[in-house]
Structures are given as structure tokens and as C-alpha cells.
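Residue 254 in the numbering used here sits at position 61 of the sequence shown, with consecutive numbering throughout. For every residue, glycine included, the Cβ atom is placed at its ideal position computed from N, Cα and C.
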Amino acid sequence: MVLNKFFIMEKLSIFVPNSFLAESKDSKIRTYKVGLIGRYAALFRANNIVIYNDNSDGGSRDDALYMKTILEYMDTPQYLRKQVFPITPELKNVGILPPLRTPHHPASDELNRGDFRKGLTKK
Numbered sequence: 194m195v196l197n198k199f200f201i202m203e204k205l206s207i208f209v210p211n212s213f214l215a216e217s218k219d220s221k222i223r224t225y226k227v228g229l230i231g232r233y234a235a236l237f238r239a240n241n242i243v244i245y246n247d248n249s250d251g252g253s254r255d256d257a258l259y260m261k262t263i264l265e266y267m268d269t270p271q272y273l274r275k276q277v278f279p280i281t282p283e284l285k286n287v288g289i290l291p292p293l294r295t296p297h298h299p300a301s302d303e304l305n306r307g308d309f310r311k312g313l314t315k316k
């Protein structure tokens with residue numbers, strides 16, 4: 194039996210407990226840790242990141258919302274971030290987040306014929 198050189202996974206979900214940030218109080222470290230989750234999820238082409246309540250004393254709903262906000266920020270293309278996310282205390286350290294090299298994060302601002310980009314419609 195010969196196996197393919199590359200293993201292609203159809204769907205990958207990553208589950209993260211809400212207590213993941215419990216021991217980190219510094220907002221830079223918290224942002225960096227969540228950024229690593231987002232970076233590895235992009236690297237391994239994860240379809241979903243699920244933040245679950247593990248019923249420990251350390252995790253809280255605020256930590257889960259913090260992780261959700263940072264991960265959504267990372268998933269938003271750079272050219273839409275200012276329109277989608279208002280300035281909030283949770284996002285004050287997003288400058289330390291690692292860049293993603295995903296199809297919807299173009300490396301240049303140059304548009305080519307036939308390119309597709311995510312967009313935003315405002316009222």
C-alpha cells in the first residue's frame with residue numbers, strides 16, 4: 194500500500210479552554226498567546242476555533258470574549274480592520290500579533306484583474 198506524500202485533512206477544529214489565559218495578567222502576554230493560537234490555526238488551515246468553558250476557577254467569560262475578539266481581529270484582512278473594529282482596550286496590543294499568510298490576507302495592496310477580496314458594506 195502506497196500512501197500519498199501529503200496528507201490532506203478536510204476539516205480541522207481547534208478547541209481552546211477559556212482558562213487558557215488564566216495565569217496571564219499582562220495584556221501584552223495575553224494578546225501574544227492568543228496570537229499564537231491564531232497563527233498556528235492559519236498554519237494548519239483550521240476551519241474552526243472553539244473556545245469552551247472548562248469549568249475551572251481560572252477561566253471566565255471575559256477571557257473567552259477576549260480571545261474571541263483577538264482571533265476575529267486577526268482573521269479580518271488588514272485593509273478592513275479600522276472599519277470593523279473600534280478602538281478598545283482589548284485591542285491596544287494588537288501590534289505584536291504575528292502576521293497571517295492566508296489567501297484573504299494579501300501581501301500587497303496591488304489589485305490584479307480577477308482578484309477577489311473580502312468587503313464591507315455600511316449603511
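Cα-Cα separation between residue i and residue j, rounded to whole angstroms
i	j	result
N246	G312	32 Å
V287	K221	8 Å
G231	L264	6 Å
P282	Y259	10 Å
R306	L236	27 Å
K275	R238	25 Å
L284	E203	32 Å
R223	A234	17 Å
Y266	K218	20 Å
Distance between beta carbons of residue j and residue i, contact taken as under 8 Å
i	j	result
V243	S206	6 Å
Residue i in three-state terms, based on DSSP
i	result
M194	Note that M194 has pLDDT 46, beneath the 50 cutoff, so the model's placement of it is unreliable and the number below is only indicative. M194: coil per DSSP, three-state reduction.
N305	coil
N240	coil
F208	strand
E265	helix
D219	coil
E283	helix
Proximal residues to residue i (C-beta, below 6 Å), its chain only, five neighbours per side dropped
i	result
L273	L313
T269	V277
P291	G228, R232
N241	S206
Bridge-paired residues (DSSP) for residue i
i	result
Y245	P210
Cut-off 7 Å between Cβ atoms - residues of its own chain near residue i, not counting five sequence neighbours on either side
i	result
T227	Residue identity differs from the one stated: residue 227 is Val in this sequence, not Thr. These residues qualify, in order along the chain: M260, I263, L264.
Y225	I289
F208	V243, Y245
Cβ neighbours of residue i in the same chain (closer than 8 Å, five flanking residues each side left out)
i	result
A138	The structure shown does not extend to residue 138, since the chain spans only 194 to 316, so no value can be given for it.
Residue-level contact to chain D via CB, residue i, 8 Å cutoff
i	result
F208	Considering every chain present, this structure includes no chain D. It has just one protein chain.
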